[in-house]
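Residue numbers (our numbering): 42 to 675.
Comments concern the structure below.
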């Protein structure tokens, strides 16, 4: 047998394993296998400190949510509402850059068994029959994270166009990072963030985009609205704002006293705080009414309303005048204006300021200066007597016009207003010249309603002074308008409408003065308790002028640092027009599903999990949505 040459054999073996150029077909085959196996792995991403990783998307995935999986040890490190950063690895092969996203845990983390369905027979059996004695299977956590945006630089977000890639590491944000991202810092503290007690949710009173854009504090009875109001009032006062509270229940007349409620005291101690009252409190009540304040009366005083501050159109709506009565009311009102000019009551002779007030007068917002309710009642009385005189035996036929003796008719009663009682003939002449319409029943009904208004004894009452708008809008003052003893929503509406207008005018003056002096303006915040009674849908239908006044004040106030806070336990009674004025919300517990559904249509920035939490909120807990914050927080 011939022997092979060892040298030749070794050469053949060497040639067999030496590098050779692959054919194009072989290369394509290898690339195909790599693609089938998942492609070229991306460069490794630093996963040190990651608590979980993004999962693949299911068919029911949402554009702004991703699923995050984590080990059982990390479940408690990603609680509900915690903020996270997702680092999506680059993919050079497909030219995908690395991206960072910020998100918030909106559901979960849920515990799921490894390699088993949670509803499988073996898992159900070990849970129900084992009673804790059977070995617990290994499990992991699953959380749903809402993407807040793509982070183009630390803390700066833009709307995301792409989703994080699967298996992207998820990192928790630090305390400082969370505070910075949420933007809930400020000088008026509301409370601690649920899930992270070290973070305090606060309002920045120097941001024009927050409080002057108006606030709603909503919640059922006992949910903590009053505590929130008291806390916010205390903090706003410390920040230098002026606060006015329209208090229809008398809840805040003793807000200067520290709380002695055991649960509240204990909660304060847990945060190393002591109960404190609100200093510099002033309580005002209508003349002839009582205050609900039981303590010292040193800071309590009465006030009156001036009829001249009320728009004649608002008065007609509040009195619920019929069309015929409105016609006669406006006729008497116009006659009285002419009389006041003729008698030089207003404008006063050679008084340029009075003439300027007339030029600026808008009767949709306020009444004729210096006019009193007693003067208007006198004119209506004279119109009634004239109508009676001008009828022929009650037949309804008018006497012929042009008779010089038209003003020669008897009055059925004396004039009572000091301004007119010595000018009876002049009043009769002006009434006769105006030719007021007849129909005695309409005049009598109008007079009856004006008399009922007068019997309230709150208009032009010499026993009290009107409130000083400059005092109400002075920084650091807390003014409580105690309406608890009126027993009349109509009277409350009159007071609120009149004072809101005065506060608005004073705030505009304060704003101009601050600009001239080169200093920041003092914010004025007005709290309207039981706002559903003042601005319900039914009330607005009955009194559209009143709503228009509030809407104008709300819109103008934004530019003048005047903010309104609507507090109500019945938000379903507030119309969409009012909710449309509100940009900040503090939402306490609301259990009614219909109410929540309506609010959901008006308040767009709460996510599904937050709405789901509202019915289960504990007393004192609330979801806070501020225009300055990145998202609502609990």
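C-beta: ideal position from N, C-alpha, C; glycine also.
Just so we're clear, the structure is a prediction, and the values are computed from it rather than from any experiment.
Beta-carbon spacing of residue i, residue j below 8 angstroms
i, j, result
"residue 505", "residue 458", "no"
"residue 112", "residue 208", "no"
"residue 538", "residue 587", "yes"
"residue 261", "residue 237", "no"
"residue 613", "residue 639", "yes"
"residue 660", "residue 257", "no"
"residue 565", "residue 594", "no"
"residue 451", "residue 419", "no"
"residue 187", "residue 144", "yes"
"residue 604", "residue 252", "yes"
"residue 265", "residue 629", "yes"
"residue 274", "residue 296", "yes"
"residue 155", "residue 179", "yes"
"residue 471", "residue 606", "no"
"residue 352", "residue 408", "yes"
"residue 235", "residue 662", "yes"
For residue i, the nearest candidate out of the options (CA to CA)
i, options, result
"residue 232", "668, 671, 672, 664", "664"
"residue 128", "213, 313, 246", "213"
"residue 658", "541, 321, 633", "633"
"residue 578", "615, 268, 105", "615"
"residue 204", "198, 216, 190, 217", "190"
"residue 103", "147, 290, 116", "147"
"residue 28", "382, 378, 357", "Nothing about residue 28 can be read from this structure; the chain reaches only from 42 to 675."
"residue 648", "90, 106, 499, 241", "106"
"residue 551", "572, 601, 574, 509", "601"
Residue i to residue j span [Cα, whole Å]
i, j, result
"residue 585", "residue 288", "23 angstroms"
"residue 501", "residue 347", "5 angstroms"
"residue 598", "residue 404", "20 angstroms"
"residue 422", "residue 284", "42 angstroms"
"residue 181", "residue 582", "57 angstroms"
"residue 124", "residue 136", "29 angstroms"
"residue 460", "residue 380", "10 angstroms"
"residue 467", "residue 484", "21 angstroms"
"residue 278", "residue 520", "11 angstroms"
"residue 272", "residue 230", "8 angstroms"
"residue 354", "residue 465", "27 angstroms"
"residue 617", "residue 666", "18 angstroms"
"residue 671", "residue 533", "37 angstroms"
"residue 524", "residue 410", "26 angstroms"
"residue 121", "residue 163", "29 angstroms"
"residue 493", "residue 635", "39 angstroms"
"residue 436", "residue 491", "Confidence in residue 436 is poor, its pLDDT being 42 and thus under 50, which makes the residue's placement unreliable; the coordinate value appears in the next sentence. Roughly 27 angstroms between the two C-alpha positions."
"residue 315", "residue 269", "16 angstroms"
Residue(s) in a DSSP beta bridge with residue i
i, result
"residue 523", "288, 326"
"residue 269", "Answer is none; residue 269 lacks a bridge partner."
"residue 609", "259"
"residue 655", "Answer by DSSP bridge pairing: none, since residue 655 is not bridged."
"residue 628", "259, 664"
"residue 342", "325"
"residue 621", "DSSP output for residue 621 lists no bridge partner at all."
"residue 429", "Bridge partners of residue 429: none, in fact."
For residue i, the first and last residue of its enclosing beta strand (DSSP E)
i, result
"residue 570", "That residue, residue 570, is in no beta strand (DSSP E); it is neither H nor E in DSSP."
"residue 705", "Within the shown structure, residues of the chain are numbered from 42 to 675, placing residue 705 beyond reach of any answer."
"residue 213", "210-213"
"residue 233", "229-234"
"residue 180", "180-194"
"residue 128", "124-129"
"residue 237", "237-244"
Residue i: first and last residue of the uninterrupted alpha helix (DSSP H) it sits in
i, result
"residue 598", "585-598"
"residue 9", "Residue coverage of the chain in this structure runs from 42 to 675, which leaves residue 9 outside it and unanswerable."
"residue 552", "530-558"
"residue 472", "465-475"
"residue 141", "Premise fails: residue 141 lies in the beta strand (DSSP E), 140-154, not in any alpha helix (DSSP H)."
"residue 356", "353-359"
"residue 366", "364-383"
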